[in-house]
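Per our numbering, the sequence shown starts with residue 2, numbered consecutively.
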Amino acid sequence: MALAIKEHLGTHFLEGRLNTTTAEDFLKHFEHVISIRGRATINIENLSEIDKTGLSALKRLIINNARYFNKNVCVVGVGCKEIYDDFKSSIAA
Numbered sequence: 002m003a004l005a006i007k008e009h010l011g012t013h014f015l016e017g018r019l020n021t022t023t024a025e026d027f028l029k030h031f032e033h034v035i036s037i038r039g040r041a042t043i044n045i046e047n048l049s050e051i052d053k054t055g056l057s058a059l060k061r062l063i064i065n066n067a068r069y070f071n072k073n074v075c076v077v078g079v080g081c082k083e084i085y086d087d088f089k090s091s092i093a094a
């Protein structure tokens, strides 16, 4: 399954795979959402795969928007702690 993004009550639910094939479309979609709304809440609970490129895209979205443009990007759902830990360790290094 490719990546599907569904929005409900301001939260964007990802389903499928966030990988090399889908990462660029993921970034384009959320850069558009954030440019309009100024923030994004992303639920990753229903992802079946996040590869290295997908994780990098998620980090890039957070860094570009939170740090440089002062926009709020929130990642929630089962697995977000692991993403946070990876993000935290890459910043410390």
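We put the CB at the ideal spot given by N, CA and C, even for glycine.
What residue does the beta strand (DSSP E) around residue i start on, and which one ends it?
| i | result |
| --- | --- |
| F14 | T12 to L19 |
| K72 | Run containing K72: none; DSSP gives neither H nor E here. |
| A5 | A5 to H9 |
In whole angstroms, give me the CA-to-CA distance for residue i and residue j.
| i | j | result |
| --- | --- | --- |
| G55 | G17 | 12 angstroms |
| A3 | N71 | 30 angstroms |
| K7 | L48 | 12 angstroms |
| Y85 | K60 | 9 angstroms |
| G39 | H30 | 13 angstroms |
| E50 | E83 | 13 angstroms |
| F88 | L28 | 17 angstroms |
Is it buried or exposed, residue i, if we count other Cβ atoms within 10 angstroms and call 16 or more buried?
| i | result |
| --- | --- |
| I37 | exposed |
| T22 | exposed |
| V76 | buried |
| A177 | Absent from the structure is residue 177, since the part of the chain shown begins at 2 and ends at 94. |
| N1 | This structure cannot settle anything about residue 1, because the visible part of the chain is limited to 2 through 94. |
| I64 | exposed |
At what residues does the alpha helix (DSSP H) containing residue i begin and finish?
| i | result |
| --- | --- |
| K29 | A24 to R38 |
| I63 | K53 to I63 |
Give the C-beta separation of residue i and residue j to the nearest angstrom, bearing in mind that I take them to be a contact with Cβ-Cβ under 8 angstroms.
| i | j | result |
| --- | --- | --- |
| T42 | H9 | Not quite, the Cβ-Cβ distance comes to about 10 angstroms (not below 8 angstroms), so this is no contact. |
| G80 | E46 | 7 angstroms |
In the DSSP output, what is residue i paired with across the bridge?
| i | result |
| --- | --- |
| V77 | N44 |
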